[in-house]
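Below is one structure, written out as structure tokens; comments come after it.
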Amino acid sequence: MMEDFEPVIIAFCCHYCAYTAADMAGSQRRCYPANVRIIRVPCSGKVDVIHILKAFENGADGVYVAGCLEGDCHFKNGNIRAARRVAYARKLMESVGIEGERLEMVNLSAGMGDRFAEIAGRITEKIRKMGPNPIRNTIRPVA
Amino acid sequence: MITAERKPLEEIIEYIRPFQKILLIGCNECVTVCSAGGRKEVGVLSSLLQMSFLKQGKNLQIREHTLERQCDPEYVEELVSMVDGVDAILSMACGCGVQEICRRFKNKPVFPAVNTKFMGASERQGVWAERCQGCGNCLLGVTGGICPIARCSKQLMNGPCGGSTSGKCEISPDVDCAWQLIWDRLKALGMEDRYEEIIPAKDWRPGRAAGPRKIIREDLAE
Ligand code: SF4
Ligand code: SF4
């Protein structure tokens, strides 16, 4: 059963760095797991705790927020704020019995196609080992 | 503003455990500003409760709604059509809001989801501090605009006490001595004379000491 488990992973990627890095990975023909579903956001600082929780509530097995390298945020400190929110959201998840490790903050620059693919692979493997989101089986169907 | 903090999740969960359909209501005023019970916090709490119960195999139905103000009957009336179909109401407003909901909906169990803390101001992003205790007879005019009741740990009318050290209160190096603040400000304003005036023992009756308070404006009251 576990062997068949294909995790669903949501990646919130900022437009200026992480999303461009994903694009770069594509142009470099770097493979990364199809498990990762990318949501482009104007800045990682736009990602709110509620977006992260809703992803898990609707059955995501893992979530990561990908922003620019520290000091390089297009909007000055959006990625720093995002990191603080991710830390807070992790605590909230723990409080309802969902492992905080299912959520991560990562930083990369627009040119790091390789790193994008490597992160996508690493997080997919990690979540695969952890198994499905504990509420996946009881979840109501998404309309 | 009136400040509040979300209650521990376990406590909220225990309140609503016996019920299936919940109306979760936020308030757009003070608790929104102090990030305790506005629309956003309603969304986050709803999601957390949902996940917590799903994990135990229970599918909770939560309806979210945020009122302009929960402490005014006009706005509470908006809930009438929503209340019928639910088993219980969970309110993220301050204690005043929660009680308004109880008063209006006599047949529904109503539970608080936040702990109401104090009347305060934002010190900086994400930090709120106590500023007023509603004593009913404001002294700020004689204390240089700094409240000795809300901000002096001993509520001294004529401070400081002997515990004031380098501008800090003896209870903690993180707490400013209110009387140091009062003195500094009176001095800066050239109003040191004020400090020499002894403030007489305070009459606490206009405060909570004479029982629950009420304001009646004859020209407005119906
Ligand atoms: S003196 Fe009384 S009314 Fe004035 S700020 Fe202090 S507690 Fe509030
Ligand atoms: S140190 Fe200052 S604030 Fe603290 S109790 Fe004494 S007078 Fe009040």
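Protein chains in written order, with the working numbering: chain A, 977 to 1119; chain B, 232 to 453. All C-beta atoms in this analysis are idealised placements derived from N, C-alpha and C, irrespective of residue type, glycine included. Computed from a predicted structure; not experimentally measured.
Judged by DSSP secondary structure, W414 of chain B falls within the alpha helix (DSSP H) whose first and last residues are 409 to 419. It is roughly 4 Å from the alpha-carbon of D407 of chain B to the alpha-carbon of K399 of chain B. Distances from the alpha-carbon of I332 of chain B to those of B:E305, B:T347, B:G316, B:V358 put B:E305 closest.
For ligand 1, residues qualifying as neighbours are B:C363, B:Q364, B:G365, B:C366, B:C369, B:L370, B:L371, B:C378, B:I380, B:A381, where qualification means a beta carbon closer than 6 Å to at least one of its heavy atoms (chain order).
Counting along the chain, the unbroken alpha helix (DSSP H) around R270 of chain B starts and ends at 270 to 286.
Cβ neighbours of P379 of chain B within its own chain (closer than 8 Å, five residues either side excluded): L370, Q386, L387, M388, G390, A409, W410, I413.
Classified as exposed, E245 of chain B has fewer than 16 neighbouring CB atoms from the shown chains inside 10 Å of its CB. For K385 of chain B, the Cβ falls inside the 6 Å cut-off from some heavy atom of ligand 2. Ligand 2 never approaches W435 of chain B closely enough for any of its heavy atoms to be under 6 Å from the residue's Cβ. In this structure, the beta-carbon distance from A1042 of chain A to V984 of chain A does not fall below 7 Å. For G1097 of chain A, the closest of A:F1051, A:E1033, A:G1038, A:N1034 by C-alpha to C-alpha distance is A:G1038. A319 of chain B carries a strand assignment under DSSP once its states are collapsed to helix, strand and coil. N1055 of chain A sits away from S1085 of chain A, with the two beta carbons spaced by 7 Å or more. Among the CB atoms of chain B, one or more fall inside 7 Å of the CB of L1029 of chain A. Only K271, G274, V275, S278, L279 from the stretch 260 to 280 of chain B bring a Cβ to less than 7 Å from some Cβ of chain A. Closest in C-alpha terms to E242 of chain B, from the list B:E453, B:A344, B:V314, B:F349, comes B:A344. Closer than 6 Å to some heavy atom of ligand 2: that describes the Cβ of E401 of chain B. At a C-beta separation below 8 Å, I1111 of chain A has these neighbours in chain B: M282, L285, K286. Rounded to whole angstroms, the separation of the alpha carbons of F1092 of chain A and V1082 of chain A is 10 Å. Beyond the five residues adjoining it in sequence on each side, C327 of chain B comes within less than 7 Å, by CB distance, of C302 in the same chain, given in chain order. Inclusion of G390 of chain B in the 6 Å shell around ligand 2 follows from its C-beta lying nearer than that to a non-hydrogen atom of the ligand. DSSP, reduced to helix, strand and coil, places S353 of chain B within a strand of the structure shown. When DSSP states are grouped into helix, strand and coil, G367 of chain B belongs to the coil group. Taking C-alpha positions only, I1015 of chain A is separated from T996 of chain A by approximately 12 Å. Membership of T1100 of chain A in the alpha helix (DSSP H) is indicated by the continuous run 1089 to 1106. Listed along chain A, no residue sits closer than 9 Å to L321 of chain B by beta-carbon distance, the nearest being about 16 Å off.
By the 16-neighbour rule on beta-carbons within 10 angstroms, A235 of chain B is buried. Approximately 7 Å separates the beta-carbon atoms of L240 of chain B and S283 of chain B; this is inside 8 Å, confirming the contact. Interface residue (Cβ-Cβ distance to chain B less than 7 Å): E1070 of chain A is not classified as such. Remark: C-beta atoms of G367 of chain B and M323 of chain B do not approach each other more closely than 7 Å. Within the same chain, Cβ atoms closer than 8 Å to the Cβ of I1111 of chain A are found at F1032, E1033, G1035, I1074, the five residues on either side in sequence being excluded. Where I253 of chain B is concerned, the enclosing beta strand (DSSP E) starts and stops at 252 to 258. Non-local beta-carbon contacts of Q251 of chain B in its own chain, meaning distances under 8 Å to residues more than five positions away in sequence, involve L291, Q292, D318 in chain order. Residue side-chain check: S397 of chain B keeps its Cβ at 6 Å or more from all non-hydrogen atoms of ligand 2. For the pair L255 of chain B and T1114 of chain A, the CB atoms are not nearer than the 7 Å cut-off. For G1035 of chain A, the CB stays at least 6 Å from every heavy atom of ligand 2.
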